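Following the numbering used here, the numbering of the sequence shown begins with 103 at its first residue and continues without gaps.
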Amino acid sequence: MKDVILRKLKDSKGEFVSGEELSSGLGVSRTAVWKCINELKKEGYVIDSSSKKGYKLSYVPDIINPWEIKEGLDTETIGKSVHCFSEVDSTNNYAKTLAQKGCDDGTVVLAERQTQGRGRLGRSWDSTDKKGIWMSIVLRPAVGLEDVQIITLAASVAVASALKKAMDVNAGIKWPNDIVLDGKKVCGILTEMSMEMERVNYLVLGIGMNFSQQESEFPKEIRDRATSLGIYLKEKHGLDISGFRRSHLVKTILSELEEVYDTIKEGKVGVIIEEWKKYSVTLGKEVLINYKEEQYIGTAQDIDQNGRLIVRLSDGTVREVLSGEVSV
Ligand code: BTN
């Protein structure tokens, strides 16, 4: 019912809607309408009430709820089912539980904060309340293990391209899928999967985007390497992040993700690789690779059709790196 009231208030574009119209349209009492209005107000919507004229929506907060995410979302698969929480341990964990219960391809899980956000390589991921986009997407691609890396790279292409479309921000991709702004990490992607008989049963793409944190809100140990869209826009363009909405960026990411996902389903892996290269800040650079116990320095030359990084070491030998961490 809340979503219908919200829809009606939004459709009336800043004009009053009478309590009578809302209650008769929904077939409920005016008290029930009033209760819903109060709940919306508690969530941060600013609604003017007048005993004569009814209700008028005057401000929509940047909150993450299924209505704000689904409104105007132009996708067919990704985001058809959206689950939003004020708090979860990790959206990836929740998404995995849904996937194990058989949820649809493209199911999305979002939270305002995570108490145990996880990063790559066993690290934790700082997920401050309402300051970022903490989101996981369940995918069920009909592929084998060898294609998972491409999907991960494709996700980073989708995020970089969404940042350009939604906010005119030029982001780079550090191999394999860190999104960086002037060398600092603004977004990370954690891909987890379940395999069955050599085929992917499901993938969970976990996307963590720092949106409006101030520098002091990051843990000390990552301050020199991490940034948020807010910090970047202020420093680079003198813009205030309050003029942007997380929900709009979420929708754009989902839409871009659907596009790259369709490209992969059509077997056009080369298109993804070329797109990834356009955003790459790794290729052509000297890199230090940390992989398990090993560490080596070389020049990042290319990525192959499986998304492996081709690194030429100083002795001329060439390594194909599938995972690990790259420092430029
Ligand atoms: C990285 O280390 O670069 C990956 C970070 C991924 C963080 C996101 S936030 C949403 C999802 N839930 C998690 O627990 N992790 C991912």
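Every residue gets a Cβ at the ideal spot worked out from N, C-alpha and C, and that includes glycine.
Given the structure is predicted, the values throughout are model-derived calculations rather than measurements.
{"Check": "So which of K322, T177 and K110 has the shortest CA-CA distance to L159?", "Outcome": "K110"}
{"Check": "Can you have a look at D364 and say buried or exposed, based on whether 16 or more other CB atoms are within 10 angstroms of its CB?", "Outcome": "exposed"}
{"Check": "How about F346 and M269: do their beta carbons lie closer than 9 Å?", "Outcome": "yes"}
{"Check": "Which two residues bound the contiguous beta strand (DSSP E) that contains M297?", "Outcome": "K286 to E298"}
{"Check": "Would you report the Cα separation of T193 and A328, rounded to the nearest angstrom?", "Outcome": "21 Å"}
{"Check": "Look up A134 in the DSSP assignment and give the residues it is bridged to.", "Outcome": "Bridge partners of A134: none, in fact."}
{"Check": "In terms of residue numbering, what span does the alpha helix (DSSP H) encompassing D113 cover?", "Outcome": "K104 to D113"}
{"Check": "Helix, strand or coil for S429, going by three-state DSSP, please let me know.", "Outcome": "strand"}
{"Check": "Let me check one thing: in DSSP terms, what residues is Q397 bridge-paired to?", "Outcome": "N392"}
{"Check": "Determine contact between the segment 231-250 and the segment 304-324, defined as no fewer than three beta-carbon pairs at a distance below 8 Å.", "Outcome": "yes"}
{"Check": "Measure the C-alpha to C-alpha separation of K182 and G208 and round it to an integer number of angstroms.", "Outcome": "7 Å"}
{"Check": "Please state the DSSP three-state secondary structure of D249.", "Outcome": "helix"}
{"Check": "At the 9 Å Cβ level, is L124 part of the contact set with chain C, yes or no?", "Outcome": "In the structure shown, chain C does not exist; there is a single protein chain."}
{"Check": "Pick out whichever of E376, E427, D284 and L415 has its Cα sitting closest to the Cα of Y393.", "Outcome": "E427"}
{"Check": "Taking the CB atoms as reference points, tell me whether A213 and Y381 lie closer together than 9 Å.", "Outcome": "no"}
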